[in-house]
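If you want the working numbering, it's the position in the sequence shown, counting the first as 1, plus 121.
In this text, a Cβ means the ideal position worked out from N, Cα and C, and glycines have one as well.
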Amino acid sequence: MYLSGNFGEIRADHFHSGIDIKTQGTTGHHVFAIDKGYVSRIKVQANGYGKSIYLVHPDGYTSVFGHLDRYRDDIAEYVKQIQYQRKSHQVDIYLEPGQFPVNKGDFIAYSGNTGGSFGPHLHFEMRNSGNQHPINALKFGFDIKDHIAPKFSTLFLDVSPGQGQVNGTSEKQSFNLVSDQGIYTVPWGTRLEAAGDIRLGVEVFDYLDGTSNRCGVYTLEAYVNEQLTFSQVMDEFSFVESRYVNAHTDYKELITSGKKVHRLYRLPNDKLRIYGHLANDGILKISEGEAYVVRVVATDVAGNRSELHFTISGKSGIRGGEDGVIADGVVMKYNQENIFETRDVKVEIPADALYEDLGFHFSVSKPGPGALSGQYVIHDPGTPLQKPFTLSVKAPGVNPELRGKLVFVTYDAEEDKMVSEGGEYKNGMVVARLMKFGSYQIALDTIAPEIIPLNGSGSGNQSGKKSLRFTITDDLSGIDTYEGYIDNRWALFEYDPKNDLLTYEFDGSRITEGQIHELELYVSDSQGNLNLLHTSFTW
Ligand SMILES: [Zn+2]
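Rendered as structure tokens:
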């Protein structure tokens with residue numbers, strides 16, 4: 122087995138909760154039960170894990186297999202029955218122990234690339250059955266070779282806001298690292314001088330045998346003058362706390378440079394359970410004239426380890442002392458509700474949505490093309506949020522029947538297009554709960570999704586064909602619902618968002634072969650714009 126990802130990796134808004142097993146770039150590999158037990162849950166999602174299956178084992182663990190292409194035939198037929206019963210492609214089914222018992226090695230499904238997977242692989246996860254926490258799957262003795270130690274790539278020295286300096290500046294400094302006789306360090310001659318409260322971060326990855334994929338490290342420890350100041354271990358977390366990855370990593374660095382930094386300190390509202398020892402939350406208090414010998418140790422589950430060594434010289438400069446000095450912006454305390462209001466705009470940030478105190482910024486700039494309002498610049502997209510904030514903006518004057526079509530949009534410069542962030546009309550305002558700060562403006566979404574038949578799908582003679590396929594796309598708020606009826610009866614259309622694909626597989630047990638059939642396909646977007654494709658075909 123070769124892995125393209127492991128447990129605890131820093132990903133977009135979450136820690137990776139399993140291991141990603143390579144499948145040679147192909148789908149359809151047999152997936153087997155790792156131990157005796159029973160199928161406890163089957164979930165079919167358009168996004169996320171796609172088609173997944175959960176097995177409960179007698180020793181208190183649950184194994185989870187995601188992005189499956191399809192289930193074993195008898196399981197597949199059972200799932201299909203439920204989908205037809207509930208008239209829904211997406212289902213979450215909990216099963217009884219007697220329904221599909223398994224023995225170790227039993228074939229259960231085929232590997233695939235369904236849901237939010239962007240290349241064939243098997244997502245495999247171990248969970249504690251009691252609390253459903255994902256657990257580091259590499260600790261279960263699977264045959265995965267790893268003789269390669271973690272590799273440090275970048276060191277970051279940052280200051281607590283207004284409380285310190287690094288090399289004479291209050292800006293974060295980064296240093297590329299080199300390996301010298303097996304020990305990572307800064308290049309010879311690098312100046313590392315600091316004053317006040319200093320915060321350390323590192324970019325470090327683990328690598329496994331036989332692949333070049335960057336994986337996550339298992340443990341990280343920092344020692345200053347041989348005193349442990351910080352430690353973390355990637356054994357277990359809960360899905361509820363997985364979003365705190367945005368506090369653990371330097372989020373602004375992630376979205377600007379793509380670097381996946383592990384902070385060797387804890388932000389005030391970071392509630393992850395991965396931390397062990399935290400002296401002063403991992404923040405270094407630097408005194409003038411002192412030397413700080415820092416040693417950072419990274420290990421992987423196989424026991425390989427790497428060390429990073431460097432020394433910080435204490436200089437005079439800003440001293441730590443006063444708490445939470447924020448130089449500019451509206452001061453917002455992370456642990457209380459914050460409301461910012463102008464004549465047309467209200468920003469409500471609930472308590473514990475921020476990870477640390479903030480100097481909040483707000484401005485309005487000119488509307489972009491197609492927008493019905495100015496651009497409201499709500500702070501900085503580089504500041505992450507644990508909970509959504511509520512943005513309310515005075516609605517532009519539109520025809521009353523169009524009010525439900527008002528949405529907030531952001532501009533995606535990379536794609537040169539507007540992206541809908543949702544929104545609804547309430548008491549003269551457009552209101553949305555948003556997970557990201559940024560520049561929002563108001564636009565109208567009145568255009569229904571497009572439905573394009575592929576290879577003449579849905580009309581004429583379809584005899585001998587295996588499936589009907591359609592491309593479905595939406596210009597702004599995105600596909601919300603999709604429903605197909607054949608001969609006035611609900612039929613299973615499977616939606617694959619990453620390929621904009623809607624597929625119906627002909628099922629001779631549910632429609633009568635050799636006849637003319639009537640097809641109705643309804644596709645709507647998030648603002649309720651509906652398109653209907655109505656045709657007939659022979660099959
Ligand atoms: Zn995965």
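{"Item": "Mind checking which residues open and close the alpha helix (DSSP H) that includes E374?", "Value": "Y372 to S378"}
{"Item": "Where do the ends of the beta strand (DSSP E) carrying Q348 lie?", "Value": "Q348 to V354"}
{"Item": "Any idea if D444 is buried or exposed, counting beta-carbon neighbours within 10 angstroms, 16 or more meaning buried?", "Value": "At D444 the pLDDT is 48, less than 50, meaning the model places this residue with poor confidence; the figure from the coordinates comes in the next sentence. So D444 counts as exposed."}
{"Item": "So if DSSP puts A553 in a beta bridge, which residue, or which two residues, is it bridged to?", "Value": "L512"}
{"Item": "Rounded to a whole number of angstroms, what is the C-alpha to C-alpha distance between A400 and L321?", "Value": "13 angstroms"}
{"Item": "Output the residue ranges of the beta strand (DSSP E) runs that lie fully inside the segment 406-477 and measure 3 residues or longer, sorted by chain position.", "Value": "412-420, 426-435, 451-453, 459-462 and 466-470"}
{"Item": "How is the alpha helix (DSSP H) around E634 delimited, first residue to last?", "Value": "Element bounds for E634: n/a, residue is neither H nor E."}
{"Item": "Check whether the Cβ atoms of D330 and D267 lie closer than 7 angstroms to each other.", "Value": "yes"}
{"Item": "For L405 and G317, I'd like the C-alpha separation in whole angstroms.", "Value": "8 angstroms"}
{"Item": "Consult DSSP for S363 and reduce its assignment to one of helix, strand or coil.", "Value": "helix"}
{"Item": "Between E551 and Q496, what straight-line distance do the alpha-carbon atoms span, to the nearest angstrom?", "Value": "In the sequence as displayed, the identity of residue 551 is Val instead of Glu. Their backbone Cα atoms lie some 14 angstroms apart in a straight line."}
{"Item": "Can you list, in chain order, the residues of its chain whose CB lies under 8 angstroms from that of G599, leaving out five sequence neighbours each side?", "Value": "S541, D646 and S647"}
{"Item": "Hey, L493 and A564: beta-carbon distance below 7 angstroms or not?", "Value": "yes"}
{"Item": "Any idea if T463 is buried or exposed, counting beta-carbon neighbours within 10 angstroms, 16 or more meaning buried?", "Value": "exposed"}
{"Item": "Quick one: what does DSSP say L298 is sitting in, helix, strand or coil?", "Value": "coil"}
{"Item": "Anyone know if the C-beta pair for V165 and Y175 falls short of 7 angstroms?", "Value": "no"}
{"Item": "May I ask whether a heavy atom of ligand 1 can be found less than 6 angstroms away from the beta carbon of G549?", "Value": "no"}
{"Item": "Just reading off the beta strand (DSSP E) that R677 is part of, what are its end residues?", "Value": "Nothing can be reported for residue 677, as the shown portion of the chain is limited to 122 through 660."}
{"Item": "With DSSP collapsed to three states, give me the class of L385.", "Value": "coil"}
{"Item": "Could you compute how far the alpha carbon of H369 sits from the alpha carbon of K557?", "Value": "17 angstroms"}
{"Item": "Answer with buried or exposed for S127, where buried requires no fewer than 16 other C-beta atoms within 10 angstroms of its C-beta.", "Value": "Reading off the sequence shown, one finds Asn at residue 127, where the question assumed Ser. That one is buried."}
{"Item": "Any heavy atom of ligand 1 closer than 6 angstroms to the beta-carbon of G139?", "Value": "yes"}
{"Item": "Where do the N-terminal and C-terminal ends of the beta strand (DSSP E) with I140 fall, by residue?", "Value": "I140 to K143"}
{"Item": "Around the Cβ of G441, are there at least 16 other Cβ atoms within 10 angstroms (buried) or fewer (exposed)?", "Value": "At G441, the pLDDT of 45 sits below 50, so the modelled position is not reliable; the number obtained from the coordinates is stated separately. Buried is the call here."}
{"Item": "What I want to know is whether the C-beta of H244 ends up closer than 6 angstroms to one or more non-hydrogen atoms of ligand 1.", "Value": "yes"}
{"Item": "Could you check how far apart the C-beta atoms of P218 and Y182 are, in whole angstroms? I think they sit under 8 angstroms.", "Value": "No, P218 and Y182 are not in contact; Cβ-Cβ is about 15 angstroms, not under 8 angstroms."}
{"Item": "Hey, how far is the Cα of F481 from the Cα of D449?", "Value": "8 angstroms"}
{"Item": "Name the DSSP bridge partner or partners of R191?", "Value": "Y231"}
{"Item": "Just to confirm, are I319 and G289 a CB contact at a threshold of 7 angstroms?", "Value": "no"}
{"Item": "Decide if the segment 134-144 is in contact with the segment 233-248; the criterion is three or more beta carbon pairs, one per stretch, under 8 angstroms apart.", "Value": "yes"}
{"Item": "Can you give me the Cβ contacts of E350 inside the same chain, cut-off strictly under 6 angstroms, excluding the 5 residues immediately before and after it?", "Value": "First, the residue type needs correcting, since residue 350 is Thr and not Glu in the sequence shown. Same-chain partners within the cutoff: A343, A400 and G403."}
{"Item": "Is the Cβ-Cβ distance between F591 and L623 less than 7 angstroms?", "Value": "yes"}
{"Item": "Tell me which residues share the same chain as Y123 and place their Cβ nearer than 6 angstroms to its Cβ, disregarding the 5 neighbours each side in the sequence.", "Value": "K143, G331 and T332"}
{"Item": "What residues in its chain sit with their C-beta under 6 angstroms from that of I573, if we drop five residues either side in the sequence?", "Value": "T592"}
{"Item": "Less than 7 angstroms between the beta carbons of V152 and A230, yes or no?", "Value": "yes"}
{"Item": "By Cβ distance, which residues of its chain are closer than 7 angstroms to F263, with the 5 residues on each side in sequence left out?", "Value": "M122"}
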